[in-house]
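First up is the structure itself, then whatever we jot down about it.
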Amino acid sequence: ILPEGADASAMTRSVPMEKALDDCLVAFGMNGEALRPEQGYPVRLVVPGWEGNMWVKWLRRIEVGDEPWHHREETSKYTDLLDDGRARRFTWQMDAKSVITSPSPQAPMTHGPGPTVLTGIAWSGRGTIPRVDVTLDGGINWREARMDGPSLDKSMHRFYLDFVWDGKPLLLQSRAHDSSGYVQPTKEALRKVRGVNSIYHNNGIQTWYVSEEGGVENVEVS
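So, in structure tokens, the structure goes:
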């Protein structure tokens, strides 16, 4: 199917019929109220477990066909150019991803050295999140995080790690495992598979640098 949005760019994406007939929804409300304009009012597409660019807002029509349409965004933005000259197209599912939300640039460690609770969220479009690992030293040593109850299919899941901060700099990373056996990769490993232009399909491990003063910055560890 080809859902088309009524926004100025007429956002369109090719969605396989198998997925459309499985768990896709045309949604008109959320949390007991009508969709708001910024959410895609009056109706939008919901494609569970798949990338947000498939969730076409301000839906005005759905076309049915027998092959992909290769529309503008599908070719100019969501196509990954590989080193061997080939192109990787139609990447739909959200692979396992996690991010530490505290500490983070928006939530610095202002309390100083001492007991600390690290927290974050993880998700996967391929199933549940049974495990998340966390490192405080940039990947040298990993510890299994504490999960907040059972994980639901294709849903965000919160994790925690309790540790005592000694006031020295930290390199924080999280690594999600999903129920399909997929493990969230490093950005370096991701580039080998998806090329260096895959900015739209990035589920690589994120690194936060925590300074001695408790400030947090986004850095990349290779």
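Residue numbers (our numbering): 3 to 224.
Glycine residues also receive a C-beta, built at the ideal position from the N, C-alpha and C atoms.
Could you compute how far the alpha carbon of residue i sits from the alpha carbon of residue j?
i	j	result
Q141	Q175	Checking the sequence shown, residue 141 turns out to be Gly, not Gln. The alpha-carbon atoms of G141 and Q175 are separated by roughly 7 angstroms.
N33	K189	36 angstroms
A36	L61	14 angstroms
P72	K79	First, the residue type needs correcting, since residue 72 is His and not Pro in the sequence shown. Near 11 angstroms, if we compare the C-alpha coordinates of K79 and H72.
R177	R63	39 angstroms
D86	G54	28 angstroms
S16	V166	49 angstroms
T112	S106	11 angstroms
E215	V221	17 angstroms
R148	G31	34 angstroms
V48	D9	17 angstroms
K21	E75	20 angstroms
V198	E219	23 angstroms
K156	F92	19 angstroms
V119	T130	23 angstroms
Compare the beta carbon distance of residue i and residue j with 8 angstroms and say whether it is the shorter of the two.
i	j	result
W125	V136	no
Q95	W52	yes
V58	G7	yes
D180	Y162	no
G206	P110	no
R196	R90	yes
Y184	D82	no
S182	L192	no
L172	V223	no
S153	P132	yes
So which of the options has the shortest CA-CA distance to residue i?
i	options	result
P70	T14, G51, A8 and M149	T14
P18	G127, L4 and G87	L4
V212	R196, K170 and E222	K170
M158	L23, K194, V119 and P50	P50
K99	V134, V119 and E76	V134
L138	D168, G114 and T130	D168
A12	G42, R38 and D24	G42
Taking DSSP as the reference, what is the three-state secondary structure of residue i?
i	result
L47	strand
R76	For the record, residue 76 in the displayed sequence is Glu; it is not Arg. It is helical.
R62	strand
A8	coil
K170	coil
A29	strand
E20	helix
P117	strand
K156	coil
I believe residue i touches residue j by the beta-carbon criterion, under 8 angstroms. Please report the beta-carbon distance rounded to the nearest angstrom.
i	j	result
G122	V101	6 angstroms
V28	V45	5 angstroms
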